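Below is one structure, written out as structure tokens; comments come after it.
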Amino acid sequence: MTASHGERAGSFEHGAADYAASRPDYPDAAVDWAIPPGARDVLDLAAGTGKLTASLVGSGLDVVAVEPSAAMRAELTRLLPHVRALPGTADATGLPDESVDAVTVAQAWHWFDPATASAEIARVLRPGGRLTVLWNVRDETEPWVAAFGEILHRGDPMPTHYVQPAFGPRLEAVEAGEFRWTQRFRPANLRALAASRSFLLTMTPDEREARLAEVDALVATHPTLAGQDVVDLPHVTRAWRASRR
Ligand SMILES: C[S@@+](CC[C@H](N)C(=O)[O-])C[C@H]1O[C@@H](n2cnc3c(N)ncnc32)[C@H](O)[C@@H]1O
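The sequence shown: position 166 = 166 (UniProt numbering), numbered continuously.
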């Protein structure tokens with residue numbers, strides 16, 4: 001049976017440890033591009049285990065993380081114990097009106113209702129504040145990355161490419177950014193990366209184990225991966241930013 005969009009959005013609750021152990025963070029150039037000059041208060045919305053939150057904190061910003069999954073928030077708090085991490089959703093962040101200079105949404109806009117999320121984000125942004133949404137996309141021009149992607153996405157009804165999001169009427173002057181970078185990645189960790197994905201998290205245990213066995217076979221046999229401790233995993237971070245009227 002195919003999982004619903006809502007079931008997939010909620011599935012991260014069951015994959016938090018794999019997520020924290022395997023998912024990429026974000027390149028500094030993308031983080032700099034996301035934040036307007038002079039910004040101080042930032043909401044990292046759908047913060048997950050804090051992959052982007054950590055970079056924002058490292059840039060000296062005052063960050064509040066909002067994330068609905070208790071298990072994901074627990075990983076974030078383990079990594080970043082001094083960051084305020086609140087339960088909440090894109091429709092209801094729980095933050096006061098006009099309380100932040102920037103909102104970031106990494107790898108999560110596709111889980112939101114764009115109209116209600118846009119209205120909520122516009123509410124919490126100060127006038128002139130910025131929304132930036134980002135996705136890390138693995139670069140499948142590298143053959144082993146394409147082979148890995150085929151195992152991950154075969155039969156997945158959700159789109160695997162990202163286009164300019166539809167922001168609401170109070171968020172304007174949309175600009176696109178693209179940032180190429182390379183992650184040093186341990187092939188042994190590809191299993192956790194696969195297991196952290198909503199498509200696999202919502203499969204039956206047998207289906208999931210069959211996909212993970214395919215990942216294990218790829219790691220054991222692909223000439224670029226077999227016997228390697230660490231390999232290059234190329235990414236393109238695709239981003240869009242907009243300003244609040
Ligand atoms: C793929 S993870 C991204 C986490 C983090 N931003 C990152 O870049 O690693 C997607 C996150 O969106 C959260 N999420 C799903 N639906 C949401 C909603 N309606 N509002 C806010 N967060 C949501 C999930 O709990 C999950 O932690």
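Just so you know, even glycine gets a beta-carbon here, dropped at the ideal spot from N, CA and C.
Keep in mind that this is a model prediction, so the values were computed, not measured.
Got a sec? Which residues, its chain only, sit under 6 Å from L193 by beta carbon, not counting five neighbours each side? Within the same chain, and ignoring the five residues on either side of L193 in sequence, the residues whose Cβ sits closer than 6 Å to its Cβ are S22.
Count the other CB atoms, across all protein chains shown, that sit within 10 Å of the CB of H153; report buried if there are 16 or more and exposed otherwise. Sixteen is the threshold: since fewer than 16 other Cβ atoms of the shown chains lie within 10 Å of the Cβ of H153, the residue is exposed.
Identify every residue that forms a DSSP beta bridge with D216. When beta bridges are read from the DSSP output, D216 appears opposite no residue.
Consider the C-beta atom of P127 and the heavy atoms of ligand 1; say whether any pair is separated by less than 7 Å. No, Cβ of P127 sits at least 7 Å from all heavy atoms of ligand 1.
Comparing the CB of A70 with every heavy atom of ligand 1, is any distance shorter than 7 Å? Incorrect: A70 has no Cβ contact closer than 7 Å to ligand 1.
Runs of 3 residues minimum, wholly inside the UniProt domain "Methyltransferase type 11" (43 to 132): which ones carry the beta strand (DSSP E) assignment? Counting only runs that start and end inside the UniProt domain "Methyltransferase type 11" (43 to 132), the beta strand (DSSP E) elements of at least 3 residues fall at 62 to 66, 84 to 86 and 100 to 106.
Just to confirm, are F12 and M72 a CB contact at a threshold of 8 Å? Yes; because the gap between Cβ atoms is below 8 Å, this pair is in contact.
Answer yes if the segment 48 to 62 comes into contact with the segment 28 to 40, meaning at least three C-beta pairs across the two stretches below 8 Å, and no otherwise. Yes: at least three Cβ pairs fall under 8 Å.
What separation, rounded to the nearest whole angstrom, lies between the Cα atoms of E98 and V236? Counting only the Cα atoms, V236 lies some 32 Å from E98.
As a quick exercise: from V215, P87 and V105, pick the residue whose alpha carbon is nearest that of D25. Comparing Cα positions, the closest option is V105.
Across the segment 202 to 222 and the segment 160 to 173, are there enough close Cβ pairs to call them in contact, namely three or more that are closer than 8 Å? Cβ pair count under 8 Å is below three, so no.
If you run the structure through DSSP and keep just helix, strand and coil, what is T237? It is a strand residue.
Going residue by residue through the segment 166 to 209, where are the continuous beta strand (DSSP E) segments of at least 3 residues, counting only ones entirely within it? Qualifying beta strand (DSSP E) stretches, in chain order: 171 to 185.
Have a look at the DSSP bridge pairing and note the partners of D139. According to DSSP, D139 shares a beta bridge with no other residue.
Please work out which residues of its chain come closer than 6 Å, Cβ to Cβ, to A20, disregarding the five sequence neighbours upstream and downstream, and give them in chain order. Once the five neighbours on either side are set aside, the close Cβ partners of A20 are T49 and E75.
For E178, which option in V133, L190 and E120 has the closest C-alpha, if you only look at C-alpha atoms? Comparing Cα positions, the closest option is V133.
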